Structures are given as structure tokens and as C-alpha cells.
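Here the protein sequences come in this chain order: H and G. Counting with the numbering used here, you get residues 24 to 504 for the letters of the first sequence. Counting with the numbering used here, you get residues 1098 to 1598 for the letters of the second sequence.
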Amino acid sequence: MSASLPLAVSLPLLGALATTLAPRRARTLGLIAALASSAVVAWLVVAVWTQGALRVDLGGWSAPLGIGLEAGGANTLLLAMTALVALAISVHAGDYFRDRIQLGHFWPLWLLLWAALNALLLAADLFNIYVGLELLGLAGAALAALGGSRAALSASLRYLLVGLLGSMTYLLGVALIYTAYGQLDLGLLATQLTAGAAEATALALLTLGLAFKAALFPLHFWLPPTHANAPAPVSAALSALVGKVAAWLILLLWLGPFATVTAPAGATLLGLLGACGVVWGSWRALRAERLKLLAAHSTVAQIGYLFIFVPLLQGLAPGSERTTLIGALLLMALTHGFAKAAFFLAAGQVQQHAGHDRISDLGGTAQRLPATTFTLGLAGVALIGLPPSGSFIGKWLLLEAAIAQGQWWWIAPLLAGTLLAAAYVFRVLARAFNLEPTPQRFVNQGRAELPGLVLAVIAVVGLGLAAGGLWGLLEAVEVER
Amino acid sequence: MSSALDTLLPMLIVCSSLVPGAVIFLVREDSHLLRTTLNMAGALTKLVLVGVMIWGVYHEHDYESRINLAPGLDLVFAADALSVLFVTLSTVLWLVTTIYAIGYLERTPNRSRFFGFFSLCVSATVGIALAGNLLTFVICYEILTLATYPLVAHRGTPEATRGARIYLYYTLSGGALLLLGAVWLQTLAGPLDFVQGGILGALPTALHGQFQVIFVLLLAGLGVKAALVPLHGWLPQSMVAPAPVSALLHAVAVVKAGAFGIVRVVYDVYGVGLSASLGLLGLLGLLASITIVYGSLRALVQDGLKARLAYSTVSQVSYIALGTSIFGPIATVGGLVHLVHQGIMKITLFFCAGNYAETLGVHRVSQMDGVGRRMPWTTLAFSAGALGMIGIPPLAGFVSKWYLGLGAIDGGAGWVLVVLAASGLLNAAYFLPILYRAWFRAPPEQWPQEHISRRRLETRAALLWPPLVTAALCVLAGLLAAAPFSPLEWAELIARREYDR
């Protein structure tokens, strides 16, 4: 059972290697690697579900010496989301890239990115996270440049530099901790860390470094151009997975090992930045003229929501209330992940058909692609947080916690974000109703349209109505990891 | 009856339109037969299931489907007398409207999309009717917004998109307030299961101030759909929708969802006693009265037939809120029975308006001279609906107004009689001229746009039968008001269970 942990990281890595060695068969090999990696994750989820949290120390060296991988409740869920989204992106990408050279570049980089994501989610110590971050940044920047346009190149170069700056800052934080404690294992640190100036500085540096990667307001400046200019499957991966994982790592540090170091003021600051991100990102999305730019700005907003949970969780003692709220946070992250990937895949489909993605001229295309428009609509429902999507339940619980704890001021950004999101989503959907002729069928290009549609249905119906099981997994396993 | 059926039945009733709806999206545009089969199969299955439920609830059987969504949050569909009243109304009128819509949309594009969302819309309405707690209600209420938006925008003209956008602005803003109110109330009172007599009465009086604020929030959210003045602005705009949609919107789905929500909140969350002692009923009654008079006044000056009917809806739906706002069982009966009566009368009127437009191109009241000679059956149905709205005995509307008036006297709210009288006069003032034109004026040389020529029937059969059936219901609901299982009897059953606890 515990073999599934290293396999979850090494299978995509092997796939990357194979697709590099045999670029002519990249698509077949890549799909095989994607299927195998997803199967391993499915195995891992079942294992955690039945046996509780898993931990593997590579080579038999236990912490603080060895490298550990850990699968608890929360990161298993994120791992599962990553696998499903990545599988959908893999299927979609096979049809998206027509160019052989692009395809040859895409698969190794994409599988490398997937391996980095899994490594980050499973990492059990601060240094492993650093390695994962570097890998993630390099693969991500190279993928973002695949579009090949001048704008895409300059955006991805900026992304690379910001990523490096972020990981350097993070590494500085790691060094501080290592100097003071002589080890970096998250589980051990949780028992040893005490409140102090060095620890607080270290946490600030770690958070700052990760905040660059997560595009937390006001460090989100690099995100919209990068995501808007990358090829659609890449944007889907960057928006749905990369940002989410970086944000999750911040939350993990704040709620887990560094919980004793955090102060209410710091948590409120994070929440405030999140709230600013929600309002600012939604506002910019509303003003965006292009569909993919809209989606990119909305990613800034969706990341923001996750940080509003921090001030509400910070003072909460372990117990059912805390588990409920952490579940709500995860539910929101998962829903947004699925929905944002679906949204980008659909946007790419629209762009390929229309030859552009200017929102004001989308009318005919939207009417000609019913399944794609439907995907945009369903994903939009999840992004707004309307029922029955998972983010609605997440938002309900978040509002409940804010009111119950007397921190009612968080209501304002939540409602403002909801209404702004509704405005920008329906600005797009309104174009789907016009007098253009319509096709006879609902789905016209299965391989390109169905992956997005499936992801959107998971976000709206699956996570909305079957979310109860999520808490089942969280309660079965120790929550924090 | 087995217990498995008890836990499944409410869910099955919701799914009986949800599943065909989801499948219809995938149906090829030109497969009319398959689509019609799915539609009718769903509608008839639902009718049978609801029949079982009526029988069960009458014999005090408990039906409840419950799914856990998150800790402390359950999706509950349950049946009580009130939900059965609304579910029956939606199911019967959905069947009729589906037939009408099949006839109305013949040879137009995007029918799979239309009927898909149409079924979703009915599923959401039925979900609202069967919602067993406030969370479920909010979920279905928002899904209803989402499902009706594509129906309002269906035609794809610039006016349709504009109307749909305005509709969305109002309903989503209202939805946000409703959500806030519901969450806030849940933090104070725990899971808000609908219980007859309310659940807030048992809580400490220190919370009463917050209850009042929350009620205003909830009322703002529900008032948008119920078209309470000043939140009614979307309703006249959304009549750009195709006639079957307007019919459904005005009679069953959207405005009724708002009114039904107000009834639920007052009776089954706050409890009518607590609502009265907190002064909330006074607020509701005031808003309802203003809306009744204002809607009628605006209807008076509209020349567009659908616009006049739309303002008439604004006015008539508030009778339900008015009945709810008067403390006393008789007024409650009046409000509840009007939930049904307004539905069947208004759907008749909209079907007829659609027939005039579709057959002759008549859209305005001023074009209706002599239309009764060209389309006697449609005009007969229209007359039944219009006279019922005015409150002429023995039609359905008379029964509602009679109980409202009696209830007002019984509840010591004499001023309501003034509102009722004024509204009755205004109703007559804007409906009777239409009837006069239609029956007694000479028809013009040529109709504006005669799409369907007169053969054996005055218009297509699928357009003619639905208004005749609903018009017959208006007459029967009035004539047989005292018969068992009539809407009135059922409303009295609900009122008895609310007040005689």
C-alpha cells in the first residue's frame, strides 16, 4: 500500500523521461503515463480511506535524516483532484496541439509538472517542498512559453523570474529554521516550534515565497498575462493546480507546524490580502475583454477565497468545528480546481473555433458549440458559488463561521465576490443566446469537449451533492496533513 | 406502504423531471418524437407520484428524503400539506404547459436546449415545494434562477438578452441577501427544518432583535421573486420570453417560489405567533398592500397585453403575502388557496395571450377588437381567467377574495377590506375593457399577422386545449370549492394544522 506514495511521484517522472526519449510516440506514451499515474492515485486514495494516514521514509531513513512522503486526509483529496484534472487535460491536449514539435515539447514538461505537483502535495519536510517548487517553476515557465507568441515568451520569462524570486525567499526561510532547529520534518517541527522572532521571520519568508507562486494579492501581477497567453491546456493546469497547491502549502504551514507561531494579527492580514484578491481579481475579470484573461483574473479571486479561511481557523481549537471548516476550505479549493480547469479547456475550444477569444464577438461560436458553452456555464456556476456546486456549500460554511465567530466583516468581500463573479460569468454566457444557426447535436467533438464537461459536472453536481464523503475521509484521518 | 418508498418518494418526484431534462439536452435537435416522449413520460410519471403523495399526506404519512451535504447541512425533501399544495399545482400545470410549449415552439430552433432547461426549471420548483429545510429551499431557489435565465433569453434577440440580464441582476442580488439571512439564522438556531408552527419561538427573547433584521433580509431575497414593490422591476422586463415561459414564470415557477418562500418563513420557520409579536406581519401586510394597489394601477395604463398581465401578476401574487400577513386561520386559507387559484387563472390568461400573438399577431390590447369572433374558444378561456381575477362568483378568484375579506375582519384588520375593494375595482377597470373589445367590437379587415389560418379549429390543437383545460379548472375550483381534495379544502387542512397545534 505504501508503495503508492513514491509511485505517485515517480510514475509521471518516468513518463516524462519516456516521452523525451521517444518524441514520436509522445502522445501514446504520455496518455499511458497519465492513466498509470491516475490509477496509482486512485489506489492511494482507497488505501488512505481504508487504513488512515500513510507515511513512507525513502530508503528506510526516518526523519530527521531521510526523505519522507506522507498522505493524510487533506492532501490525498488534493492529490485526487490533481489526478482527475490532469487526466482530463491529458486527453484534451492530445487533440489541442496539432503541431508535432509543440506536442513533443508538451508531454515531457507536462508530466514533469505533474510529478512536481504530486511531490509537493506528499512532501513531509520543508526542503522537499523547496525542491518541488523549483521543479514546478521550471516546468511551468517552459509550458507557458509553448504558445510561442512574443507576449507568451515575455510573460513566461517573467513567470520564471518571479518563481525564482519566490523559491529563493522560501529557501531563506528554510535556512532560518534549519539553523535554529537542525531539522526540517514537518511532523517533528509541529511539536518543537515555539513562538519567537526567528520563527516568525522564517514563517514570514516561507509565506512570502509561496505567496509569489500562489499569486496572492498583491503578488499576483505576473499571473494574468502568463495564464492568458499560454495554450489552453497549460493555462488549465497552471490555474487549477499550480496556484492551488502553492496556496495549500501556505495554509498547511499556518494551520499545521507553525500554528504556535502564528498570531491573530498575521492571520487577519492574510485574510485581508485574500479578501482584496477576491474583490480585485473579480473586478478585473469583469473588465477583461478576452475570455482567457477573464479566467486568469478570476483565478486570483478564487485563490483569495482560500485565505479568508485563515483568520477564522487560526483561533479555533481542534474539534468538529475546525474539521468542518477545513473541509469547507478543501471543498472550495477542489471545486475551484475542477471548475477552473473546465473553464480554461472550454475557453481554448472557443478560441480554436473562433480564431480569437474576444468576449464581445463570441456570439456565433458560443451558439455553435453547445457542449462547450454548457461547460462554461457549469464551471461559471461553480466559480460564482451558486448551488448545487461544492463552492456554494463551502461558502455557506465560511459565512456561518464568520458570523458565529463575530468576524462579520468577511461577509462583505464574500458577497461582493459572488455578485462580481456572477456579472463576469453571465457577461460571457449572455453571448450564447442569439439568432445564429445551431448544430443538430449537443457534443460535436468528443475528445476535445468531453473532458472539460466532465470536470465541470464534477465541480457542480459531484462535489455539491456528494460532498458528505469528504468529511468522512477527513474525520477518518488526522486532519492536518 | 413500504418505508423505502417513504424515503424515496420526494426524491423521485424531483428526479422525474430532472432526469428527462438532463437527457433532453443530449437529444438531437430534429428528434421531435424522442424529445416529446421524454417530456410527456416525465410529466405523467410525476403526476402519478404526486397522486400517491397526496393520498399519503392526507392520511398523515411522513415522506422524507435526506442527504448529508456537510456536517450540519442536510439536503431534505419532505412532504407536508403545504408542500403538497404547491407540488400538485406545479405538476398539473407543468403537464399542461409542456403540451402547450410543444405546440408553440413547432419548427423553431434550439428546442432541445429549451426543453432541457424547462424541465430543470420544473424540477427546481418542485424542489422548492418539497424543501424540508431552509438550506434546501435556498439551493432550489437559486437553481430556479439559473434554469429560468436561458428560458427568458431563449429567443436570442437583443431585447431577450436585455430582459434576461435584468432578471438576473434582480434575482442574484436577492439570492445573495437570502443566503446571508439563511446562514445568519442558522448560526442562531441550528438547522432550520420547516416545522409547522415555527422553530424560533422556543429561542431566548434576547435574539428577537436579530430575528427582525434577518426577516428583512429574507423578505428582501424572497420579495424579488415574489415581485413585491419595489423589487418587482424584472417582471415586466422578462415577458420577452416565449409565451409558455411567461405562463410558467407568472403562474407556477418564479413568482410563486417567492410567495411560497414567504409563506414558509412565516409559518414554518418563525411561526405565525412570533411573526405577529415581532411586528413582522405588519411590515409584510403593508408591503403586500402597496404592491397590490401599485401593480393594478400600472396595469391600467399598459397597452401591451403581456405587459398588462405582468403588472396584474405583480398585484395578484401579493394576495398570497397579504393573506399570510393577517393573523388568523381564515386569512391564511385565503392566502394559501390563492397560491393555487392565481396560478390556474394566470396561466390561462398567458396561454390565451400567446394564442392571440401566435395565431393573429395580436400583441396589444388596442388590436383586440372583435378577436372573440375569430377565436371564440380562446376568448372564452380568457374571459374565465379575467373574470376570475376580478373576483366574480363562482370563479376561483372569488373564493380567495372572500376568504381574505372574512379573514381580515376576523383578524381585526379592517383596512385590508379597503385594499381588496380598491384592487377589485382596478382589476375590473383593466380587464373588462379587454373583454368588451374582444366580444363586442367589430373585428378589423385584416389581423396584424395571421400566422395560422382558420381551419376546423381556430388555432393549433396543442395551443387551444391547454387554456381550455386550465379555464375549466378555474371554474371548477370555484364551483366545487367545498368538495373533498379541492384547493380550498386542502388550504383549510393546512390552516387547521398550523393554528390548532
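Note that the Cβ used here is the ideal one computed from N, Cα and C, for glycine as well. Note that the coordinates shown come from a computational prediction; the quantities given were computed from them, not determined experimentally.
Along chain G, in chain order, which residues have C-beta atoms closer than 8 angstroms to that of Phe332/H? For Phe332/H, there are no C-beta contacts with chain G under 8 angstroms, since the nearest C-beta of that chain is about 14 angstroms from it.
Assuming Pro1540/G contacts Gly1467/G under a Cβ cut-off of 8 angstroms, what Cβ separation, rounded to an integer in Å, is found between them? Pro1540/G to Gly1467/G, Cβ: 3 angstroms. Contact.
Contacts that Asp1127/G makes with chain H (C-beta to C-beta distance below 8 angstroms): Result: Gln463.
From Lys1143/G, Ser1463/G, Leu1243/G, Cys1218/G, pick the residue whose C-alpha is nearest to that of Ala453/H; which is it? Per the Cα distances, Leu1243/G.
Option nearest Ala369/H by Cα separation, candidates Glu93/H, Trp306/H, Leu478/H, Phe415/H: Per the Cα distances, Leu478/H.
Closest by CA to Thr398/H, which one among Ile326/H, Ala164/H, Ile481/H, Cys299/H? The residue with the shortest Cα to Cα distance from Thr398/H is Ile481/H.
Which residue or residues does DSSP assign as beta-bridge partners of Ser1162/G? Phe1174/G, per the DSSP bridge assignment.
Enumerated in chain order, which unbroken segments of the alpha helix (DSSP H) with a length of 4 residues or greater are wholly contained in the stretch 1537-1592 of chain G? Here the runs fully enclosed are 1558-1576.
Could you name the residues of chain G that Ser343/H contacts, counting a contact when the two beta carbons are closer than 7 angstroms? Correct list: Pro1168.
For Leu92/H, which beta-bridge partners are listed by DSSP? Val79/H, Ala146/H, per the DSSP bridge assignment.
For Glu157/H and chain G, any beta-carbon pair shorter than 8 angstroms? So, not an interface residue.
Short check: CB of Val268/H to CB of Leu144/H, under 8 angstroms? Yes, the pair counts as a contact, with Cβ atoms nearer than the cut-off.
With distances taken Cα to Cα, identify the nearest neighbour of Ser523/H among Gly1169/G, Leu1141/G, Val1154/G. For chain H, the structure presents residues 24 to 504; residue 523/H sits outside this window and is missing.
Do Val1369/G and Glu1126/G have their C-beta atoms within less than 8 angstroms of each other? Their beta carbons are not under 8 angstroms apart, which means Val1369/G does not touch Glu1126/G by this criterion.
Excluding the 5 residues flanking Asn135/H on each side, which residues of the same chain have their C-beta closer than 6 angstroms to its C-beta? The sequence as given places Leu at residue 135/H; Asn does not occur at that position. So the list reads Ala39, Ala162, once near-sequence residues are dropped.
Span of the alpha helix (DSSP H), counted from its first residue to its last, around Leu339/H: In the DSSP assignment, Leu339/H falls outside any alpha helix (DSSP H) and carries neither an H nor an E.
Anything in the stretch 1337-1348 of chain G with a Cβ closer than 8 angstroms to a Cβ of chain H? List those residues in chain order, please. Cβ proximity to chain H below 8 angstroms picks out nothing from the stretch 1337-1348 of chain G.
Quick one: does Leu1269/G have its CB under 8 angstroms from some CB of chain H? Chain H places a beta carbon closer than 8 angstroms to that of Leu1269/G, counting this residue as a contact.
Straight-line gap, Phe281/H to Arg1163/G (C-alpha atoms, nearest Å): Phe281/H and Arg1163/G have their C-alpha atoms some 40 angstroms from each other.
Is it right to say His359/H is buried, meaning 16 or more other beta carbons lie within 10 angstroms of its own, or is it exposed? Answer is buried; the Cβ neighbour count reaches 16.
Got a sec? Which residues, its chain only, sit under 7 angstroms from Arg313/H by beta carbon, not counting five neighbours each side? Excluding sequence positions up to five before and after Arg313/H, its CB lies within less than 7 angstroms of the CB of Ala251, Asp380, Arg381, Ile382, all in the same chain and listed in chain order.
Using only CA atoms, which one of Ala1518/G, Val1181/G, Ala1493/G, Glu1455/G lies nearest to Pro1545/G? Selected option, being the one with the closest Cα: Glu1455/G.
State yes or no: is the beta carbon of Asn1207/G nearer than 8 angstroms to at least one beta carbon in chain H? With 8 angstroms as the cut-off, Asn1207/G counts as an interface residue toward chain H.
Suppose only complete runs of 4+ residues qualify. What are the alpha helix (DSSP H) ranges in the stretch 410-481 of chain H, listed by chain order? Within the stretch 410-481 of chain H, the runs of alpha helix (DSSP H) that reach at least 4 residues and sit entirely inside it are, in chain order, 413-427, 434-452, 469-480.
For Gln468/H and Leu1332/G, what's the separation of their Cα atoms in angstroms? In a straight line, the C-alpha of Gln468/H is about 39 angstroms away from that of Leu1332/G.
Reducing DSSP to helix, strand and coil, say where Ala1167/G ends up. In the structure shown, Ala1167/G sits in a strand (DSSP, three-state: E or B).
Thinking just about the alpha-carbon of each residue, which of Ile152/H, Leu309/H, Gly210/H, Arg173/H is nearest to the one in Gly232/H? Sorting Ile152/H, Leu309/H, Gly210/H, Arg173/H by C-alpha distance to the C-alpha of Gly232/H places Ile152/H at the top.
Kindly give me the distance between the Cβ atoms of Ala221/H and Leu199/H, rounded to whole angstroms, as I take these residues to be in contact under 8 angstroms. Going by Cβ atoms, the distance from Ala221/H to Leu199/H rounds to 6 angstroms, so yes, they are a contact pair.
Buried or exposed: where does Gln1439/G fall if 16 or more other Cβ atoms within 10 Å of its Cβ makes it buried? Gln1439/G comes out buried.
Among Arg47/H, Asp80/H, Lys363/H, Val404/H, which one has its Cα closest to the Cα of Ser262/H? Ranking Arg47/H, Asp80/H, Lys363/H, Val404/H by Cα distance to Ser262/H puts Lys363/H first.
In angstroms with no decimal places, state the Cα-to-Cα distance between Asn1452/G and Pro436/H. C-alpha separation (whole angstroms): 47 angstroms.
So what's Ala106/H in DSSP terms, helix, strand or just coil? Helix, per DSSP.
Is Asn467/H close to chain G, meaning its C-beta is less than 8 angstroms from at least one C-beta of that chain? Judged by the 8 angstroms Cβ criterion, Asn467/H is not in contact with chain G.
Name, going along the chain, the residues of the stretch 487-498 of chain H whose beta-carbon falls closer than 7 angstroms to a beta-carbon of chain G. Within the stretch 487-498 of chain H, the residues whose Cβ lies closer than 7 angstroms to some Cβ of chain G are Leu488, Ala490, Gly491, Trp494, listed in chain order.
Beta-carbon proximity list for Gly300/H, same chain, < 7 angstroms, skipping 5 on both sides: So the qualifying residues of the chain are Leu239, Phe240, His243, Val323, Ala324, Ile326, Gly327.
For a minimum of 4 consecutive residues, which ranges assigned as the alpha helix (DSSP H) are wholly contained in the stretch 209-279 of chain H? The stretch 209-279 of chain H contains these whole alpha helix (DSSP H) runs: 209-215, 220-237, 246-252, 255-260, 266-278.
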